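Read the structure below first, then the notes.
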Amino acid sequence: MKSESAAVKFKVDIAANRRWLREQMNPYYFITMKDEPQANAMLERELGTLAFNRRLVLADREKSLVLALVNRPGTLYETLSRIQEREVSYAMIAHSHGPLPGMEQSLEIQRFEFDRKSNQEILAGAAAVVPAGVERRIAAEIQQNYRAFDMKDFDRLLRIIWLNNESYVTISPAARVAQILLLLQRGNRSGGFYLGLEEMPGGREYRVLFAVGNPPQRDFLQQIMEVFNRLDLGVNRAYCLTISNGTHPYFLGTFYVQRRDGGILQNDSEQFRRLRQELSATQILATRSYSYREFVVNRVMGGEDAVLMNVFIAFCHTNLAHSRPDRFGIDDVQSAFHAHPDISLQLSALFRARFDPATGDRAAVYEAALGESRRAVAEYNTGHKYLDELRRTIFTCCLTFITHTLKTNFFVLEKQALSFRLDPAYLATLGEEALADLPAVTPFRVTFFFSRFGFGYHIGFSDIARGGWRTVIARNQDDFITNANNLFRENFVLAHTQHLKNKDIYEGGSKLVTILNVSDMRQGERGLEEWRLFKLQYGITNAFLDIFVTRDGVATHPQVIDYYREDEPIELGPDENMQDSMVEAIAWLSARRGYILGIGLMSSKRVGINHKEYGVTSAGVVKFAEITLKELGVDSRCDPYSVKFTGGTNGDVAGNALRLLLERSPQVKITLILDGTAALFDPEGADHAELRQILLREDLDCFPPQALHQGGFMLFRSGSRREGLRDIYRKVSATAGGSREEWISTDEFSREYGSLPFTVQADIFIPAGGRPETIDSGNWEKFFLPGGSPSAKAIIEGANSFITPEARIQLQKRGVIIMRDASANKCGVISSSYEIIANLLLTEKEFLAEKERYVRDVLAILEKRAEDEAKLIFRRRREDPGLLCTEISDALSGEINANYSRLFRFFQGRPELALQPLYRKAIFAHLPQMLRAEPRYRQRLKRLPPKYLSAILAAEIGSSMVYQGDRNAAFEDEVLLHLQRCFR
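When we follow our numbering, the leftmost residue of the sequence shown carries the number 300, and every step to the right adds one.
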């Protein structure tokens, strides 16, 4: 009887629990949980145990976790902390309307799925078909209740959701799927960030819709929930999907919230404005940053102010550390702001006064805030003299950043990165010490970019400027600190070198260099690294467009306060760590958002001239090599000679240079090739036939070592292995008895690998790859053999900044001819310039139809430009043997750029001249033959912006005055013209 009574009581409890759940849980909860019958049954059976247990595990499998908990502060945070290493594909959080039976707290259900699909899986399923019945049901719902949805995206977006989470589409009501499709579409059409608010019927509950393209990977949901909690918005229910669209992940979140004070939440309310700002900040504010952990979570400051603190730190560190890393290291700058959040908040208030569109009476508010901030910095004194002086310098740098920023996208909500366009005059305020290691010139513009996972600068030396975008990936903390210390100087030097190099074209030089920090990632997370790289580059591109898309010179985005108010034509090109898909994405974004150059913002795209495919940079490098060899008495087309390379067989510059040498020089001996995978040394020259097999297809480690001549060897960086506690590397040598394989230590490998560019003998050396400053003031003497002769008679710099300026001087003083990067590898950027001209004058269809013809014309121009400069350098060297070739190169760049600057200002003031016959001839002389020859293209000249016509005239006339001019004759003409004007 006793057991029978217990059984009856047990049945009564289950029935009561079931009844309570039906009364207290939202009906949608039961729909979302109908595929978990065992979890539902356990909850009905064990609900009462929550009176003495904190949580009840309803399901715990490889790809799913369902928990029932007593709803207390921090329960969700604790769960998310425990599972943060797992990739959540679906999350559901639901609460009961009232308290649990016999308790004061409500029930919280947490459901997580861990079945994230990779990009490859989504792309592989592109042909998948959603069942017709499912498709019809959802389409009907959209057409009836979601008319804002553009049906042309229906099939594609539904297939993406289906491939990512088939059960979600199958189980969910049609209205839920329709809502998610609309959210995904709105996210796509809002630049990857969308936030919406809808009031629910029957009470003060609100639906917050949140979509983010390529969201932060770890703890993002945790960060979102922290925002709701901090803003006193209770989340009753939440349904979150993380999917892949075949390119990157996408977060789609639906949150049902209530104000804890019972108030109203509206689109124009202060609380929703703050929610927008804080959720926007989640894209940029890293949860592992000190400012988030110590100041945001503890409510010392909001997310936006924490973001600004991180921006201040990155800017001040990179501007001060490059010349004084021991004094202004990252720890020193961080501690200045972390120790004084009050000063950071005061500087944030100054920034807001200058740039927040909501600020009224801006000038007065800003001046008052500026005075207060200057006093606070000037009077900063803690009694620690050295530390106080250091921190005043840091805070002064931050003040300079704010006062010299001319426009920013900080107050744009739909952003994933930040942009700050500065007046470059700020550099002069930093003091001589800060500028001691920079070229003694002032850029035309400096733009600082900041994102959650990295930051960087675009530095340009002319109004119209072009140069590549390089991303350095820091895979450990030492890499990050070293690269951050040197970032500004490396960027500045590369941009200045680019400016010298761009002397033949209408664009001045620039460079965009960013650091991607992946030091927190573990080995094997390469896929996450690529997502993070995409987020950095895509976010910075949009941040760039936020401030540089203009109408009548003024930034078009209403949230951008623009103090500069001029159009800024800036051209980019792909450099280190930029994939082809990103090249196309940047061009597409630029056109879609209405940038002045359209797809011409980015070069080397499909509707362009791919550098590697056509070998445009190498065309100039090889032409310089041929003319230099002729100066040494070697006819490269028929005489034997030797050459050594850094840069790989599959690289753009090295690969194409090797191809051209093999095509043009049948007797060339390639004694050294060195890339990131291997090094090849062959005293008789690498086998031509074997090289051709891998050129522009495979890295050097695919060269067969058995093809080496006796005395040669290969070192393999790839394929290393572990022996005990050390890494060892493979070395294969060619001996009289055949190939001999051995394994050498890291020290032996590094010593031998690093010495090869210095010690291998050849007639010429072409560094066409490798890190900047490989040869510097501390090692240049190693380039000379024991007898005192150089290991190569001439160096043709195919890679940028491979040799430092001081090392160049010393090498040349010892007899080495150096054709520096700004001359030898200039043809890549010239090609990109002509690509942009094509984008401006031809339709996409026309360009693709005429592409091969157009490229042939451009290649002819490249050969001519390289030949003109190389011959002029040697002519001036013969006229004055005391001059170094690099000095002549710099002088030519200086002369041409000075001509350009003066002529550009002249034509800007006289725009009508561009259409007069004589000046039109000069413009046509600059263009490829195809555009000059056909009337339909010639007539389109007037399509070019006036600034571009002035720039083309300035470039063509300015360079021809140097290449084709006679300095003595020009002076005589100037004297004669003066006499005719003044002494008639």
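Just so you know, even glycine gets a beta-carbon here, dropped at the ideal spot from N, CA and C. Keep in mind that this is a model prediction, so the values were computed, not measured.
* Closest by C-alpha distance to Ser718, when choosing among Arg344, Arg751, Ala423 and Gln1060 -> Arg751
* **Residue from Asp938, Thr695 and Asp631 whose Cα sits closest to the Cα of Leu1285** => A question about residue 1285 goes unanswered here, because the residues of the chain that appear run from 300 up to 1283.
* Check the C-beta distance from Leu827 over to Gln516 and give it rounded, since I have them as a contact under 8 angstroms. => 6 angstroms
* Asked: Nearest-angstrom Cα distance between Thr1045 and Arg1020?
  -> 11 angstroms
* **N-terminal and C-terminal residue of the alpha helix (DSSP H) that Gly376 is part of** => A quick correction: the sequence has Tyr, not Gly, at residue 376. From DSSP, the alpha helix (DSSP H) with Tyr376 extends over Thr374 to Arg381.
* For Ala358: DSSP bridge partner residues -> Val365
* To do: Give every residue of the same chain whose Cβ lies closer than 7 angstroms to the Cβ of Glu789, excluding the five residues on either side of it in the sequence, and list them in chain order.
  => Val812 and Pro1071
* Under a Cβ-count criterion, where at least 16 other Cβ atoms within 10 Å of its own Cβ denotes burial, should Ala306 be classed as buried or exposed? -> For Ala306, the pLDDT reaches just 41, beneath the cut-off of 50, and the residue's location in the model is therefore unreliable, although a value from the coordinates is still provided. With fewer than 16 other Cβ atoms within 10 Å, it is exposed.
* When you compare each of Pro1085, Pro1056, Met332 and Ala953 to Thr1127 by their alpha carbons, which one comes out closest? -> The sequence as given places Gly at residue 1127; Thr does not occur at that position. It is Ala953.
* Asked: How long is the line joining the alpha carbons of Ala773 and Asp722, rounded to whole angstroms?
  -> 29 angstroms
* Asked: Helix, strand or coil for Val556 per DSSP?
  -> strand
* Asked: What is the residue span of the beta strand (DSSP E) that Met1013 lies within?
  -> Phe1012 to Glu1022
* **Extent of the continuous beta strand (DSSP E) to which Lys1092 belongs** => Ala1091 to Ile1095
* Of the listed residues Arg1239, Ile895, Pro624 and Ile313, nearest to Ala340 (C-alpha basis) -> Ile313
* **Straight-line gap, Val1288 to Ser809 (C-alpha atoms, nearest Å)** => The requested residue 1288 does not occur in the structure, where the chain is confined to residues 300 to 1283.
* Spatial distance of Ile1135 from Lys1170 (CA atoms) -> 28 angstroms
* Burial state of Lys416, where buried means 16 or more other Cβ atoms lie within 10 Å -> buried
* **Same chain, Cβ closer than 6 angstroms to Val1031, neighbours up to 5 away in sequence not counted** => Pro1004, Met1013, Ser1038 and Glu1040
* Asked: With burial defined as no fewer than 16 other Cβ atoms inside 10 Å of the residue's Cβ, what is the status of Glu671: buried or exposed?
  -> exposed
* Kindly list the residues whose CB is nearer than 7 angstroms to the CB of Ala613, restricted to its own chain and excluding five residues on each side of it in sequence; keep chain order. => Phe749 and Phe754
* Using the Cα positions of Leu462 and Ala585, report the straight-line distance between them to the nearest angstrom. => 30 angstroms
* Identify which residue in Gly1011, His1008 and Phe1048 has its Cα closest to the Cα of Lys1018. => Going by the sequence as given, residue 1018 is Gly instead of Lys. Residue Phe1048 is the option with its Cα nearest to Gly1018.
* For Glu1143 and Thr1185, the rounded distance between their alpha carbons -> 40 angstroms
* Counting along the chain, where does the beta strand (DSSP E) carrying Thr1058 start and finish? -> Where Thr1058 is concerned, there is no enclosing beta strand (DSSP E), although the alpha helix (DSSP H) it sits in stretches over Thr1045 to Thr1058.
* In three-state terms, what does DSSP make of His396? -> strand
* Going by CA-CA distance only, name the one from Gly1087, Ile1102 and Gly1086 that's closest to Gly1069. => Ile1102
* Quick one: Cα of Ser304 to Cα of Phe329, how far? -> Here the model assigns Ser304 a pLDDT of 44, short of 50, so the residue's position is not dependable, and the following value carries that caveat. Those two C-alpha atoms are separated by around 31 angstroms.
* Cβ shell of Ala1121 (< 7 angstroms), same chain only, five flanking positions each side left out -> Thr796, Leu799, Lys800, Ser1188 and Ser1192
* Asked: Short check: CB of Ile459 to CB of Val476, under 9 angstroms?
  -> no
* For Ala1250, which of helix, strand or coil comes out of DSSP? -> helix
* Report, in whole angstroms, the separation of the C-beta atoms of Leu346 and Asn316, which I expect to be a contact under 8 angstroms. => 4 angstroms
* **Selected residue, minimal CA-CA separation from Arg360, among Met391, Ser395 and Glu412** => Glu412
* **Residue environment, Lys310, which counts as buried when at least 16 other CB atoms sit within 10 Å** => Its pLDDT being 47, under 50, Lys310 is placed unreliably by the model, and the measurement read from it follows with that caveat. Burial call: exposed.
* Which residue's Cα is closest to the Cα of Gln992: Arg1177, Thr948, Tyr862 and Pro965? -> Thr948
* Do Thr855 and Ala899 come within 9 angstroms of each other at the CB atom, strictly closer than that value? -> Note that residue 899 is Gly in the sequence shown here, rather than Ala. The answer is no: Cβ separation not under 9 angstroms.
* Asked: Is Gln1005 helix, strand or coil when you go by DSSP?
  -> helix
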